[in-house]
Amino acid sequence: MNAVSIPLEHVMALAATLFLIGLAGVLVRRNLIFLLMSLEIMMNACGLAFIAAGARWGAADGQIMYMLILALAAAEVAVALGLLLQLERRLGSLDIDAASELRG
Amino acid sequence: MEALWLIPLLPLLGFVTLLVTEGRLPAVLVAMIGAGSVGLAALAAAPVTLDFLQQGPGTVFAQPLWVWIDVAGFSPDITLYLDGLSLAMVWVITGVGFLIHLYATGYMAGDPGYSRFFAYMNLFVFAMLMLVLADDLLVLYLGWEGVGLCSYLLIGFFHDEPANGYAARKAFVVTRVGDTAMALGLFLLFRELGTLDIQSVLSAATTTWPDGSTTVTVAALLILGGAVGKSAQLPLQTWLPDAMAGPTPVSALIHAATMVTAGVYLVARVHDLFLLSPLAQSALIGVGLATLFMAACAALVQRDIKRILAYSTMSQIGYMFFALGVGAWSAAVFHLMTHAFFKALLFLSAGSVILALHHEQDIFRMGGLWRRLPLPFAGMLVGAAALAALPFTSGFYSKDAILLASAAAPGGLWLWAAASLAALVTALYSARLIFVVFFGPPGSAAGPDDGSNNAMRGPLVVLSLLALGGGWFGLAPPAAVLPDGGVSHGHGGWLAWVTGAVPLLGVGLGYLLFYRWRERTAALVSGAAAQTLRRFWQAGWGFDWLYARLFEQPFTALARLNRRDVVDVPFVLTAALLRIGHQLAADGQNGRLRWYLANMAAGLALLLIIVLGAA
Amino acid sequence: MELILFYVAGTVALIATVLAVTRSNAAHGLIYLIVSLLAVAVIFFVLGAPFAAALEVVIYAGAIMVLFVFVVMMLNLGQRRAAAERAWLAPRNWIGPSLLALVLLLELTYIIFTSSAVSAGQVVGPKEVGLALFGPYLLAVELAALLLLAALVGAYHLGRRYMPSRRRGEETP
C-alpha cells in the first residue's frame, strides 16, 4: 500500500497514551501475569514511537530499533515467565506483594 | 613580721594533715593537731605583735607572697597586710579560736566525725585569717567564700539528720545572695578604678569620686549587701537561727565570734567608700537599728537556748552596724572584740549545760541549775552581764561607747533613744536567760551530769576573765586605721548616767518578770493578742514565712510548671523528628515492586514539571 | 483514506489496551492484548513499515503472547482467580496510579505538541532493512543474538524441575 503523510504528533501521542496505560497497569495490577502483560504494552508503545520516528525520516533505522526492542522483549518474557513459575511454586500465589522479603 | 605568713599557714597545715589522714589518727593526736595548729598560730602572732607595737600604732606590715593572677591590667597578688585593724582581728580569731578549739576537744569527744570536725574548723580559721590579712579585695573574697563553705560544712556536720542539711543549705544560699551583691560591688570597683588592691581602691575612691556620687553609693551599698548576708542582718538574717543545728563550738566560733563579724570588718576596712556616701551610712544605721530591735524582741520569746543566743548575736551585730553608720568606727570594732569574748563564753557555757542535760535545749525544761553546774553558771552569768552591758564589764564599755557616739551624731538623740530601748530589751532577755535556766524549780530535763573535762573548763575560765576585763584593752592599733581616731572613754553628763543605768533597769525588770512574779507574767501573756505577738516574734518576725511566699513558692510553682522542661523542647523535638523521618524512610522500604515503580513515576513527573517550568 | 485507517486502528488499539489491563480473567486480558498488537501492526503498515508490521504480528503477537498463554494455561489462571482479581481492582487501588499516569500523560502530550512534523510518506521495505542490518547495524545483530542466547540459557535453568523434597516457602540451596 501507499504510505501517506501522517502528522507525527498524533502518532507520538498515541504511543505516549499506550505507554502510560501500560504504566498504569503495572502500578495497579497485583497479579504477576498482568504485570508482565502491562510491561509488554509499554515496550510495544516504545516500538511504535521508534517506527514513527523512522517514518519521519524515511529511513530503516526506526525499524531496526524496533527489531532490537522486539528481541529484548522476547528474551525478557522468556526469563520473566521462568521466574514467575519459580515464584508461584515458592510463594504459593502470584501476588507480587507477597514477594517483599527485601523490606525494611 | 617575717612570721606573718605562719599565722594562716599553720591552720591550713592542720586542715591538710587531718584531711589526708581521714580519721585514721588516734583522737588525742587529732585534738593536738586541730587545737594545736590554732594555738601555734596565736603563738606565731605574738612576735609579730610585739614587732608591731614597737613601731607604733600607725604601722603597716605588708608581706607579699606571690602574684595570684596576671592578666591584662589585672594582677591581684597574695600579700599579707597587717595593720591595727587586722591585728585586732587576728588576735580575736586565733585567741578566741584557740579557746573554742580547746573546748571542742572535750565537747566533741567520742563523735565519729572527730577528725572531720577539726579539719573543717582549721580550714575555717585559715579562711578567716586570709580574709582579715588580705591586701586585695579578691583575696578577701577568697576568704569570704572559704568561711561560707566551712560554715555550710559545719552547720551540716551531723549530716545524718536531713534537717541539718537543710539548715546548712539555707545558710549557704542566703549568704550567697549577699555574696553576689558583693561580687557585683567588686566588679563595679574594678571597672571604675582599675584595681582591687584595698589601699589603692580607697585612695583612688577619694580622689575620683565626689561626696555622695551615685557610683560610690552603689558600690558601697553592694558591699553592704555582702556584709548584710554574711553578718545575718536584715533582710538576709533568716539563716542564723537555723544555723544553730551545728555543734555548739561551731556556733561559738563561726556564728558568734568570727564569721558573722566579717561583715563588720569589711565595712570597717573599706570605710572610705562609706564615708563618701551619706546614703550608705544611713543604710548602715537603718539596717543596724532594725535588726537590733527585731532580733532583741525575737530573743525575748525563744525557748531554745541556742536560738536565744543566735538572735542575741544578730542583735549585737546590729549594734555594730549601727555604730559604723553613725561614724563610731572604733567603737564598732571594740564591740566586735568584746562581743567575741562574751558571746563565745555564753555559747560554750550553754554547750556545757546542754551536754550535762543530755542534749536538752529547751530552757523551760531547765531550772535550778546554779548549784549543780557551778562553772557553766558562772560563765553564763559573766557572759550575760557583759551582754546586758552591766557596769564595768567589757560589754559596758563597748556598748556605751556606741550609744554615746550615736548621741553625738546628727539627729542623734532619737538614735540614742532607740538604741537605748533596744539595750533595755537586751538586758531583759539576758536576765530571762539566767533566771529561767539557772534559778527556780528544777525542770523536766534529765541530769545534770557534769561530764565536762578540763579542756572544757579552762576556756570558760579564760573567757570569763576576758569578758570581765576586756574593756580595759587598749584599742590603739585599730584606732590608727579608722577615721574616728579611737574610742573616747568617759563622756560627761546625764546621758552617760542614763546609758549606764538602762541595763540595770533591764536586769531588775527581768528579775521581777521572770523570777519573782513568774506566775503573774505567765498570766499576763496568756491572752490571745499577747500569744499572737509572741508567736510572731518567735518566728523571727515572720521573715521565713515572707520569703517562702515571696521567693520559694513562685519558684517551685514555676519549676512545677516547667516540669517537662521547655528548654528541652528543641532537643526532644529533634529526636522526635528524626524518629519520624526514620519511620517514614523505613516505611518507604516495604519491598514492594509496584511501590518503587510508583515512586519512580512520580519522580519522573516532578522532573518533567521542573524541566517544563524552566523551559 | 489511509489517514482514517490510522485513526481507526489507533482507537482500536487504545480500547483494546485499556480492556486488556482491566480484565479479571487472565485469558481475556491476553486476547485483548493480542488485538491491541494487531491494531498496532496496522498502524505500522500505514506508516510505511511493512517489515515491522509483519514482525509485530509474527513474533510479538504470535510468539510472545503465545508464551503468555501457555503459562496462563499451565497455572490454570482464569475463572478460578476471577473473583480475587476483581477484589484487587477496587477503586482505592487504581485511583492513585491512574492519577499519576494522567499527570505524566498531560506532560508528555504537552511536550509532543510543541513541535510538529509529518511522516515521510514512503514505504521502507524489507530490502532496505536487511541492507541496514548487514551494514551499519551488524554489531547490534550480534549483540541481540547474544542476548537471546543468554535468555535461552536462563529460561532453561529457571524452568527446571524441583527435587521432590523441596516444598513451598523453603529456601533454595
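Residue numbers (numbering that gives the first Met the number 0), protein chains in the order written: chain X, 0 to 103; chain L, 0 to 614; chain C, 0 to 172. The beta-carbon is built from N, C-alpha and C at its ideal position, and this holds for glycine as well.
Alpha-carbon to alpha-carbon, residue j and residue i
i: glycine 45 of chain L; j: tyrosine 514 of chain L; result: First, the amino acid is wrong: residue 45 of chain L is alanine here, not glycine. Answer to the nearest angstrom: the Cα atoms are 46 Å apart.
i: leucine 549 of chain L; j: alanine 538 of chain L; result: 17 Å
i: proline 234 of chain L; j: valine 227 of chain L; result: 8 Å
i: arginine 55 of chain X; j: glutamine 78 of chain C; result: 45 Å
i: proline 409 of chain L; j: arginine 190 of chain L; result: 34 Å
i: glycine 424 of chain L; j: glycine 262 of chain L; result: According to the sequence provided, residue 424 of chain L is valine. The question's glycine does not apply to it. Each residue's Cα considered, the two are about 24 Å apart.
i: leucine 389 of chain L; j: leucine 183 of chain L; result: 42 Å
i: methionine 0 of chain C; j: valine 7 of chain C; result: 11 Å
i: valine 249 of chain L; j: glycine 96 of chain L; result: 10 Å
i: aspartate 448 of chain L; j: histidine 358 of chain L; result: 11 Å
i: arginine 91 of chain C; j: aspartate 94 of chain X; result: 17 Å
i: alanine 251 of chain L; j: threonine 290 of chain L; result: 20 Å
i: alanine 26 of chain C; j: isoleucine 63 of chain C; result: 14 Å
i: histidine 270 of chain L; j: serine 351 of chain L; result: 39 Å
i: valine 34 of chain C; j: isoleucine 579 of chain L; result: 49 Å
i: alanine 466 of chain L; j: alanine 218 of chain L; result: 36 Å
i: alanine 141 of chain L; j: glycine 164 of chain L; result: Note on residue identity: the sequence assigns leucine, not alanine, to residue 141 of chain L. Using only the alpha carbons, I get a separation of about 24 Å.
i: phenylalanine 116 of chain L; j: proline 10 of chain L; result: 13 Å
i: glutamine 301 of chain L; j: leucine 187 of chain L; result: 41 Å
i: glycine 457 of chain L; j: glycine 382 of chain L; result: 15 Å
i: isoleucine 110 of chain C; j: alanine 74 of chain X; result: 32 Å
i: proline 172 of chain C; j: leucine 86 of chain X; result: With a pLDDT of 49 at proline 172 of chain C, under the threshold of 50, the predicted position of this residue should be treated as unreliable, though the coordinate-derived value follows. Taking the straight line joining both Cα atoms gives about 15 Å.
i: glycine 134 of chain C; j: alanine 72 of chain X; result: 23 Å
i: cysteine 296 of chain L; j: alanine 2 of chain L; result: 46 Å
i: tryptophan 540 of chain L; j: valine 286 of chain L; result: 15 Å
i: serine 348 of chain L; j: methionine 455 of chain L; result: 9 Å
Enclosing alpha helix (DSSP H) for residue i [first to last residue]
i: alanine 61 of chain L; result: Segment 60-66 is the beta strand (DSSP E) holding alanine 61 of chain L; no alpha helix (DSSP H) there.
i: serine 419 of chain L; result: 411-437
i: isoleucine 5 of chain X; result: Run containing isoleucine 5 of chain X: none; DSSP gives neither H nor E here.
i: aspartate 399 of chain L; result: 393-407
i: leucine 345 of chain L; result: 328-355
i: proline 246 of chain L; result: Note, proline 246 of chain L: premise wrong, no alpha helix (DSSP H); not H, not E.
i: glycine 526 of chain L; result: Note, glycine 526 of chain L: premise wrong, no alpha helix (DSSP H); not H, not E.
i: tryptophan 544 of chain L; result: 542-546
i: arginine 371 of chain L; result: Run containing arginine 371 of chain L: none; DSSP gives neither H nor E here.
i: glutamate 87 of chain X; result: 60-90
i: isoleucine 94 of chain C; result: 90-111
i: asparagine 24 of chain C; result: Segment: none, asparagine 24 of chain C is in no alpha helix (DSSP H) and carries neither H nor E.
i: phenylalanine 33 of chain X; result: 31-56
Identity of the residue in the options nearest residue i by Cα
i: leucine 221 of chain L; options: L:Leu192, L:Thr207 and L:Ala180; result: L:Ala180
i: leucine 49 of chain L; options: L:Arg519, L:Gly83, L:Ala26 and L:Thr260; result: L:Gly83
i: valine 259 of chain L; options: L:Gln582, L:Val568, L:Val131 and L:Val565; result: L:Val131
i: alanine 256 of chain L; options: L:Val89, L:Ala267, L:Gly164 and L:Leu511; result: L:Val89
i: valine 37 of chain L; options: L:Leu283, L:Gly193 and L:Thr104; result: L:Thr104
i: tryptophan 65 of chain L; options: L:Gly55, L:Met293 and L:Ile77; result: L:Ile77
i: leucine 278 of chain L; options: L:Pro10, L:Thr573, L:Leu323 and L:Arg23; result: L:Leu323
i: phenylalanine 171 of chain L; options: L:Leu152, L:Ala162, L:Glu160 and L:Asp159; result: L:Leu152
i: valine 59 of chain L; options: L:Pro25, L:Trp67 and L:Asp134; result: L:Asp134
i: valine 78 of chain X; options: C:Phe5, C:Leu4 and C:Ala149; result: C:Ala149
i: alanine 52 of chain X; options: C:Gly124, C:Ile94, C:Ala116 and C:Leu32; result: C:Ala116
i: proline 119 of chain L; options: L:Asp399, L:Leu18, L:Asn452 and L:Val506; result: According to the sequence provided, residue 119 of chain L is tyrosine. The question's proline does not apply to it. Ranking the options by Cα distance to tyrosine 119 of chain L, first place goes to L:Leu18.
i: valine 460 of chain L; options: L:Ala547, L:Pro441 and L:Met379; result: L:Met379
Endpoints, the beta strand (DSSP E) within which residue i is located
i: tyrosine 80 of chain L; result: 76-81
Per-residue burial, residue i [other beta carbons within 10 Å of its own, 16 or more giving buried]
i: histidine 254 of chain L; result: buried
i: proline 163 of chain C; result: Reliability of the predicted coordinates at proline 163 of chain C is poor, the pLDDT of 46 falling under 50, and no value is obtained from them.
i: aspartate 69 of chain L; result: exposed
i: tyrosine 59 of chain C; result: buried
i: glycine 72 of chain L; result: exposed
i: glycine 526 of chain L; result: exposed
i: proline 161 of chain L; result: exposed
i: leucine 576 of chain L; result: exposed
i: arginine 23 of chain L; result: exposed
i: tryptophan 496 of chain L; result: exposed
Check: residue i C-beta below 7 Å from any heavy atom of the ligand ZN
i: aspartate 567 of chain L; result: Within the structure as shown, the ligand ZN is missing, as the structure has no ligands at all.
Q. Hey, which unbroken runs of the alpha helix (DSSP H) at 4 residues or more fall wholly within the region 200-232 of chain L?
A. List check, alpha helix (DSSP H) in window: 213-229.
Q: Could you name each continuous alpha helix (DSSP H) segment of 4 residues or more that falls completely within the region 41-68 of chain C, going from the start of the chain to the end?
A: With a minimum length of 4 residues, the continuous alpha helix (DSSP H) runs that stay inside the region 41-68 of chain C are 49-54.
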